[in-house]
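My numbering applies: residue 205 is where the sequence shown begins, and numbers increase by one. C-beta: ideal position from N, C-alpha, C; glycine also. Heads up, the thing below is written out as structure tokens.
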Amino acid sequence: MSPAHPFVGGFHERLRAHAAHLTAQPVAAALDLWTHLEVRDAARAALPALDVPGPGAHAVHLCAPSTLVPFPAQELLRRHRPTARLLRPLPGRTAPVDTTAARRLLGFTAEHLLDGPSESGSDFDAQERRTLSFIGQSDTFRE
205 MSPAHPFVGG FHERLRAHAA HLTAQPVAAA LDLWTHLEVR DAARAALPAL
255 DVPGPGAHAV HLCAPSTLVP FPAQELLRRH RPTARLLRPL PGRTAPVDTT
305 AARRLLGFTA EHLLDGPSES GSDFDAQERR TLSFIGQSDT FRE
């Protein structure tokens, strides 16, 4: 399975309409893990990426810290990515993507956040309270 790619767009031209579409049909973004990134944040990450010291290239994930849809992330994963193994809690609408490398290498955290509707409440089993597992540096999901 390929790694997730956030939906990129501005608030007025794309993100709000896409969020409404995905709220009605959450399965449409299951491969992208319901993630998004506002265009100004994408541009802001590009400059420090040019100055990362050392040889080689580094893969990082960029996305807003919350999903585009008003449903708990763990519930979305359970319904639409049932074979994904989780490693840590995903409270509420937390994006199920590890952006640690972006913070460490680029000093990047998304700042332009889409205000979404509040999430619906759900109870989860202890085993479901974990984030997606990646195999080494390959960014491949274990399923």
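Asked: Beta-carbon proximity of Pro210 to Asp236, cut-off 8 Å; Found: yes
Asked: Residues that DSSP places opposite Gly213 in a beta bridge; Found: Glu242
Asked: Run of the alpha helix (DSSP H) containing Glu279, from where it starts to where it stops; Found: Ala277 to His284
Asked: Leu290 - DSSP class collapsed to helix/strand/coil; Found: strand
Asked: Distance CB(Leu241)-CB(Cys267) smaller than 8 Å; Found: yes
Asked: Cross-strand partners of Thr298 (DSSP beta bridge); Found: Ser270
Asked: Whether Ala288 touches Leu281 by CB criterion (8 Å); Found: yes
Asked: Contact check, Val264 vs Ala306, beta carbons under 8 Å; Found: yes
Asked: 8 Å contact criterion, which Ala253 and Leu310 should meet: CB distance rounded; Found: 6 Å
Asked: With 16 other Cβ atoms within 10 Å as the buried cut-off, status of Gly213; Found: buried
Asked: Same chain, Cβ closer than 6 Å to Ala314, neighbours up to 5 away in sequence not counted; Found: Asp245 and Ala268
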